[in-house]
Each structure stands twice: as C-alpha cells, then as structure tokens.
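Numbering (the numbering used here), first residue to last: 34 to 335. Ideal placement from N, C-alpha and C gives every residue a C-beta, glycine not left out. All values derive from a computational prediction rather than experimental measurement. Just below is one structure, and these are the notes that go with it.
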C-alpha cells in the first residue's frame, strides 16, 4: 500500500464544534486536528448547496499532512439548516460576510498561518470576508462567474432552461429552492435562489449588479496570494468563466491554473475536485499553501 492509498484508507475522528456568526446564527462545523508536526490552520470553504461532508476525505488527508482543518455547513445547509427553509430569511452573500468570517475569527488569533481552500463559492468568498487580511494563502478550485455564456452551448442551454422554467416552478411550489428534487445538491433558501439567479444572467456575475458596485473595490483590497485552478472539463466553471471572476482580485498575487483530469481517471467536472480519484491534486494544493506567499505569481493569458 503506497503512502497516498494508506492516507486515504483510515478515518480520523473530527471534533464537532459550533461557530457563532456576528448576527448570532449558530453554524455546524468540524475540526480535524493536525497529525504530527503542525504546518498551519486550514479552512475549507465549500460550494453552493454542498454539505461539509463532501470535504471529509480531503480534510482528513490535510490533517495527516500537518494542517488543523476546519469545515462548516453554511446557514440553511446541512447541519446549519433550520427546521424549515420556508420563510427562512438570508442573503446569498451572508455565507461569506458572516458564516465564513466566523470561521476566520475562530482561527485568526492562533499564531499559526491561516490557509484557505475554496470550492466554487468558497473561492468567491475570499473577497467577501471582512477579515480576509488574516489569510496567508488561498487555493481555489472551480470558482467561476456563473454566467451560462461562459459554458459550452449545450451546458449553457441546460442551465438557462433550469433557471427560466424548472426552478421557478419548484420555488413557487415549495417556497425555497428545493434543489434536491433535481439531485443537484442541498436545498437552498429563497434568498440564495433570488440572488444566484439574478447574478447568473450577467457575464461578470455580481460585479455587474449595480447594487453590488462596492464589491469591485472590496475585491481589489485582497492582497493574499491566490491560486485559481479549474479543470478543463468543468462544465459550470470552465477556464474562461474562472478568468472572468479572478480578474477582480486585481491586487492579489494570482496563479491561474488549468487542470487536466488524470489519465485513466473519471472526469473532474465541477464536483470531482474532492473525490479520491483526484487526490494527487490534493498534494499539489497542500504543498503550495505553505509556500504560496513566498513565490511570485504566474498567470495565464486573460
């Protein structure tokens, strides 16, 4: 059994904790203590409609590499979901401005470096954090602008049909975005649905929303070194979608990477970055983070 296979074979016992956001909302979170010599603290910021359990194997693997890892369920999702989503009030950006900000607050007083791995929305969220200055280095996967025009013609058509015809019927019926009926993820609050639908009609996502004009300056204030990686077979966040979003981190040292699925492995797509078949990518992520703030950025053409 090789080192990678051995590291994936066993399960670590995570510690259940409760994070409290500044508005008092209580969030379900898990902490995976570092094994051996400690490298730093690591927050895993998940995608929209994805519970923290998707990231368990990555979190365990990172813990064995010396990272204290924190995962969480955003409000309205998984263990942080209220008894009913019908009538539950929140905005999409609350996940970054409040929930993930609480995760940073929980760890930032520790003298260890604080690293970030963001999946899809988890990559967006860096610029939403009021405390992003506490981060040492960030690695994001699958973070794109969300506009169907960046996708392939077939995928773009499917997404437009979903937003225009399928989801409005479901939302009217249930009172929230019952995404689980489509087998596409966790159910989402109405506020998330409304914001997400509006921004996905715009090439530059929420940066094109006049009500969100302040975010351009807010993202420009991020100075943390960041990797923006996406798989060439990611249907929702292909490289040009990633580039449309990442350029708003205009003052952050940026490394832009196009990932190729490993030969003989399943496609990575949008949800496969944290499957065990993609574990060699995990080594790249965990090796880069402690060195990322020491290396000059390198970018593809945008």
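Leaving aside the five residues that flank residue 127 on each side, the residues in its chain whose CB is nearer than 7 Å to its CB run, in chain order, 108. For residue 59, the enclosing beta strand (DSSP E) begins and ends at 59-65. 8 Å or more divides the Cβ of residue 160 from the Cβ of residue 232. With a 10 Å radius around the Cβ and a threshold of 16 neighbouring Cβ atoms, residue 133 comes out buried. Residue environment for residue 75: buried (at least 16 other C-beta atoms within 10 angstroms of its C-beta). In the structure shown, the three-state DSSP call for residue 292 is strand. In the displayed model, residue 210 falls within a strand according to three-state DSSP. The DSSP-derived three-state label of residue 278 is helix.
Sorting 205, 84 and 292 by C-alpha distance to the C-alpha of residue 120 places 205 at the top. Closest in C-alpha terms to residue 93, from the list 167, 272 and 67, comes 67. Judged by DSSP in its simplified three-state form, residue 71 adopts coil rather than helix or strand.
For residue 99 against residue 71, the beta-carbon gap comes to about 5 Å, under 8 Å, which counts as contact. Here residue 50 is exposed: its Cβ has fewer than 16 other Cβ atoms, across all protein chains shown, within 10 Å. Rounded to whole angstroms, the gap between the alpha carbons of residue 217 and residue 155 is 17 Å. Here the region 135-150 lies against the region 168-179, with 3 or more beta-carbon pairs under 8 Å apart. Under the DSSP assignment, residue 83 falls outside any beta strand (DSSP E); it carries neither an H nor an E label.
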